[in-house]
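Residue numbers (the UniProt record's numbering): 1 to 378.
All residues carry an ideal CB built from backbone N, CA and C; glycine is no exception.
The following block contains the structure:
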């Protein structure tokens with residue numbers, strides 16, 4: 001590991017806000033990353049890790065501790081995959097979209113709909129990254145991580161990460177502590193080897209997003225090209241001349257509501273069913289087991305509604321700005337908060353609070369932010 005002169009977060013995050021930390025360390029190999037983390041943990045100082053900086057809102061005061069930059073990269077094919085599938089072990093600091101591009105070029109399916117998502121591979125399981133019907137939970141096999149409390153490195157299966165809609169046990173919601181305090185060192189994905197020829201596109205959400213008929217075969221490269229075009233049209237790919245890309249992507253999560261609550265929303269509010277757990281695990285102590293199983297409670301029916309729709313119908317249009325603020329809603333997508341040039345972390349946070357208050361007042365729904373916040377209050 002190498003201690004470097006601290007660089008402002010405004011140069012290292014896609015939102016382009018945030019002061020420099022007190023101390024910064026670069027880790028370019030897995031061993032350096034482990035050593036750096038054990039060092040800062042042993043000193044019991046404030047710390048944080050930084051990958052691509054694409055899901056981070058940092059405040060305007062210097063972070064009072066050490067930032068460990070995860071600069072590891074690379075991936076390799078590993079064994080253990082069944083016939084017709086391939087497993088890749090990916091370093092945490094690997095650029096995500098470069099990984100996706102490689103898998104598409106080599107005919108490996110499973111993450112092509114997540115083309116263009118900025119950031120590093122290690123961040124993908126933390127918030128169960130997803131787009132257009134694909135999520136990391138569908139392809140993730142396991143992660144190698146180092147535990148904050150023990151300093152030990154272990155391999156944890158995907159089932160042990162509590163992966164859900166844009167969350168996991170590793171995610172710091174807002175600025176809070178995660179359920180499991182650990183740092184991902186690498187991850188293993190299992191992808192289908194389908195080749196680069198045209199084939200049926202079975203996922204209905206991806207077909208709808210791409211405007212593809214059910215009977216039309218398409219190739220992985222075609223899917224990637226068109227997903228990138230869609231994301232570009234929404235300002236959701238990194239493009240330096242376009243101020244709409246100076247964001248943290250979707251700033252708010254799409255709320256998941258009980259169907260009864262969603263019925264109170266206007267009829268034209270889109271909603272998508274969320275599949276209930278039809279096979280819940282029931283644990284009965286042996287000394288209480290009578291030979292009969294308890295009656296299962298009825299499956300709860302939830303729906304997901306688009307946060308962008310709620311924002312726009314709360315009166316906040318694309319391009320909206322508060323007076324004298326340099327932060328604004330994207331001109332292309334109401335779910336992205338952008339730095340229009342020289343904005344501070346405080347200005348972005350002020351805009352986020354205003355949007356949350358308007359949606360709560362209009363619909364009684366409190367939107368939850370997706371980015372991790374450091375030194376700011378939402």
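Cβ-based burial, residue i [other Cβ within 10 Å; buried from 16]
i           : result
residue 239 : exposed
residue 302 : buried
residue 44  : exposed
residue 143 : buried
residue 66  : buried
residue 13  : buried
residue 151 : exposed
residue 259 : exposed
Selected residue, minimal CA-CA separation from residue i, among the options
i           : options              : result
residue 121 : 207, 55, 177 and 176 : 55
residue 223 : 196, 244 and 319     : 196
residue 183 : 38, 73, 334 and 237  : 38
residue 304 : 98, 314 and 165      : 165
residue 129 : 253, 204 and 149     : 253
residue 109 : 198, 329, 42 and 161 : 198
residue 141 : 127, 310, 87 and 180 : 87
residue 338 : 321, 354 and 94      : 321
residue 255 : 216, 8 and 308       : 308
residue 81  : 190, 93 and 336      : 190
Per DSSP, the bridge partner or partners of residue i
i           : result
residue 328 : 321 and 338
residue 131 : 134
residue 382 : Residue 382 cannot be examined here, being either before or after the span of the chain that is shown, 1 to 378.
residue 190 : 87
residue 95  : 120
residue 23  : 66
residue 109 : 192
residue 373 : 57
Cα-Cα separation between residue i and residue j, rounded to whole angstroms
i           : j           : result
residue 158 : residue 372 : 22 Å
residue 359 : residue 349 : 16 Å
residue 326 : residue 236 : 19 Å
residue 277 : residue 357 : The pLDDT assigned to residue 277 is 48, lower than 50, so where the model puts this residue is not dependable; a value taken from the coordinates is nonetheless given after this. Spanning the two alpha carbons is a distance of roughly 32 Å.
residue 40  : residue 266 : 51 Å
residue 123 : residue 220 : 24 Å
residue 225 : residue 218 : 11 Å
residue 177 : residue 375 : 14 Å
residue 75  : residue 106 : 14 Å
residue 362 : residue 16  : 31 Å
residue 113 : residue 7   : 33 Å
- Item | Cβ contact (3+ pairs, closer than 8 Å) linking the segment 333-352 and the segment 16-36 | Under the 8 Å Cβ criterion, the segment 333-352 counts as touching the segment 16-36, having at least three qualifying pairs.
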